[in-house]
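Visitor: Residue numbers (my numbering): 7 to 63. Just so it is clear, CB atoms sit at the ideal spot from N, CA and C, and this is done for glycine as well. Remember, it's a predicted structure, so these values are computed and weren't measured experimentally.
1) Consult DSSP for residue 29 and reduce its assignment to one of helix, strand or coil.
2) Beta-carbon within less than 8 Å of residue 39's beta-carbon, same chain only, minus the 5 sequence neighbours each way: which residues are those?
3) For chain C, is any of its Cβ atoms less than 7 Å away from the one on residue 14?
4) Under three-state DSSP, which class holds residue 23?
5) Short check: CB of residue 80 to CB of residue 32, under 7 Å?
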C-alpha cells in the first residue's frame with residue numbers, strides 16, 4: 007500500500023531506491039504529480055510562463 011507522498015519524499019525515495027522497477031514506478035508517479043501541478047502562471051506584465059520543475063534525477 008502506497009501512502010500519500012510529497013514531491014520531495016518521492017524524489018528522495020527515488021534517489022535511494024536500488025530496484026529499477028520500483029524506481030521506474032516512483033518516477034512515473036512523480037511525473038504524473040508534476041504534470042498535474044504544471045500550469046501557466048502570469049508574471050507582473052501579464053505574460054504567460056510555463057512552470058518547469060527539476061526533479062534532480
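Guide: So, from the data block:
1) helix
2) 13, 16
3) Given the protein chain composition of this structure (a single chain), no chain C is represented.
4) coil
5) Beyond the ends of the chain as shown, which are 7 and 63, falls residue 80; an answer cannot be given.
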